[in-house]
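To keep things clear, I will list the structure first and then write my remarks on it.
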Amino acid sequence: MKQTHTQQKAGGISPAIYGLAALIVGIVLGVVFSPSVPDAVQPYLPIAVVAALDAVFGGLRAYLDEIFDAKVFVVSFVFNVMVAALIVWLGDQLGVGTQLSTAIIVVLGIRIFGNAAALRRRLLGA
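According to this note's numbering, the sequence shown holds residues 722 to 847 in order.
In structure tokens:
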């Protein structure tokens, strides 16, 4: 029997609690250690963050539609970030990195706002 998001794991702890706990631990570690981003990676970081946000909003939408699959989410998350970084790197090699970065932000932004609108309709009925 496949477990839905409304069911709980054995022991009474909801799987969403693990995600929330990991988020809090990550934020605390980031604040405490203040990691720096290497110069070579800095051009790719904004694109990677937007690609990751796209995967997160897609995952939230799937969760509320009760079709969430953790494997699909992880693959989507990693693949989105890698493809976006690859496209920006390729653009840098061709000398058009800024234009490709803008194109990626626009495409992922449209997807994020589409998912956000679906979440709004689902949660607020509006």
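Glycine included, C-beta positions come from ideal geometry on N, C-alpha and C.
Distance CB(residue i)-CB(residue j) smaller than 7 Å
i: Ile870; j: Val771; result: Examination of residue 870 is not possible in this model, given that the chain is present from 722 through 847 alone.
i: Leu774; j: Ile833; result: yes
i: Tyr765; j: Val809; result: yes
Close beta carbons around residue i, own chain, < 6 Å, minus the five adjacent residues each side
i: Met722; result: In this prediction, Met722 scores a pLDDT of 47, lower than 50, which makes its location untrustworthy; the coordinate-derived value is nonetheless stated afterwards. Contacts found: none.
i: Pro759; result: none
i: Gly830; result: none
i: Val828; result: none
Close Cβ partners of residue i (< 8 Å) along its chain, the five nearest in sequence each way excluded
i: Asn847; result: Strictly speaking, residue 847 in this sequence is Ala, with Asn absent from that position. If we look at Ala847 and ignore the five residues flanking it on each side, its Cβ neighbours are Arg841.
i: Arg782; result: Asn836, Ala839, Leu840 and Arg843
The region 767–781 / the region 833–847 touching (three or more Cβ pairs under 8 Å)
yes
Assess, as a yes-or-no matter, whether the region 795–802 is touched by the region 741–761 under the definition of 3 or more beta carbon pairs within less than 8 Å.
no
Would the region 751–770 count as touching the region 800–815 if we require 3 or more Cβ pairs under 8 Å?
yes
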